[in-house]
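Numbering (the working numbering), first residue to last: 5 to 88.
Following: one structure in structure tokens, then a few remarks.
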Ligand SMILES: [Zn+2]
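This is the structure:
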């Protein structure tokens with residue numbers, strides 16, 4: 005996994021075209037056995053395994069750090085998280 009064409013650890017799947025916020029999220033959207041039935045999960049399947057789409061970027065799961073509503077509601081939340 006050395007494909008870093010997009011910023012940071014973000015990447016786009018060449019198979020389904022979905023965008024991922026991390027290589028971990030990318031890995032999680034792939035399912036099946038290598039060389040057998042390896043394929044991309046559909047968006048519905050991704051949600052079923054706990055992934056969510058944050059502003060166009062799929063993330064492995066919702067967590068406090070990446071919750072998009074946090075910095076919208078309280079401008080200091082992100083900064084206080086980063087200070088920990
Ligand atoms: Zn894909």
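For each residue, glycine too, the CB sits at the ideal point set by N, CA and C.
Predicted model only: the values in this text are computed from it and were never measured.
Item to check | residue 64 classed as buried or exposed, judged by whether at least 16 other C-beta atoms fall within 10 angstroms | outcome: By 1-based counting over the chain shown, the position of residue 64 is 60. Buried: at least 16 other Cβ atoms inside 10 Å.
Next on the checklist: Using a Cβ-based criterion (distance less than 7 Å to any ligand heavy atom), does residue 19 qualify as near ligand 1?
Outcome noted: Along the chain shown, one-based indexing puts residue 19 at 15. The answer is yes for residue 19.
Checklist entry - Buried or exposed: where does residue 66 fall if 16 or more other Cβ atoms within 10 Å of its Cβ makes it buried? => result Start at 1 with the first residue of the chain shown, and residue 66 comes out as number 62. Result: exposed.
Checklist entry - Where do the ends of the alpha helix (DSSP H) carrying residue 31 lie? => result Taking the chain shown and counting its residues from 1, the one referred to as residue 31 is at position 27. Looking at the DSSP string, the run of the alpha helix (DSSP H) that includes residue 31 is 27-33.
Checklist entry - Taking DSSP as the reference, what is the three-state secondary structure of residue 51? => result In the chain shown, counting from the first residue as 1, residue 51 sits at position 47. Residue 51: helix per DSSP, three-state reduction.
Checklist entry - Could you give the distance in angstroms between the alpha-carbon of residue 40 and the alpha-carbon of residue 30? => result For the purposes of this step, residue 40 is taken as the residue at position 36 of the chain shown. For the purposes of this step, residue 30 is taken as the residue at position 26 of the chain shown. Going by C-alpha positions, residue 40 is about 19 Å away from residue 30.
Checklist entry - Should residue 22 be counted as a contact of ligand 1 given a C-beta to heavy atom distance under 7 Å? => result Locating residue 22 in the chain shown gives position 18, counting from the first residue. Yes, the Cβ of residue 22 comes within 7 Å of a heavy atom of ligand 1.
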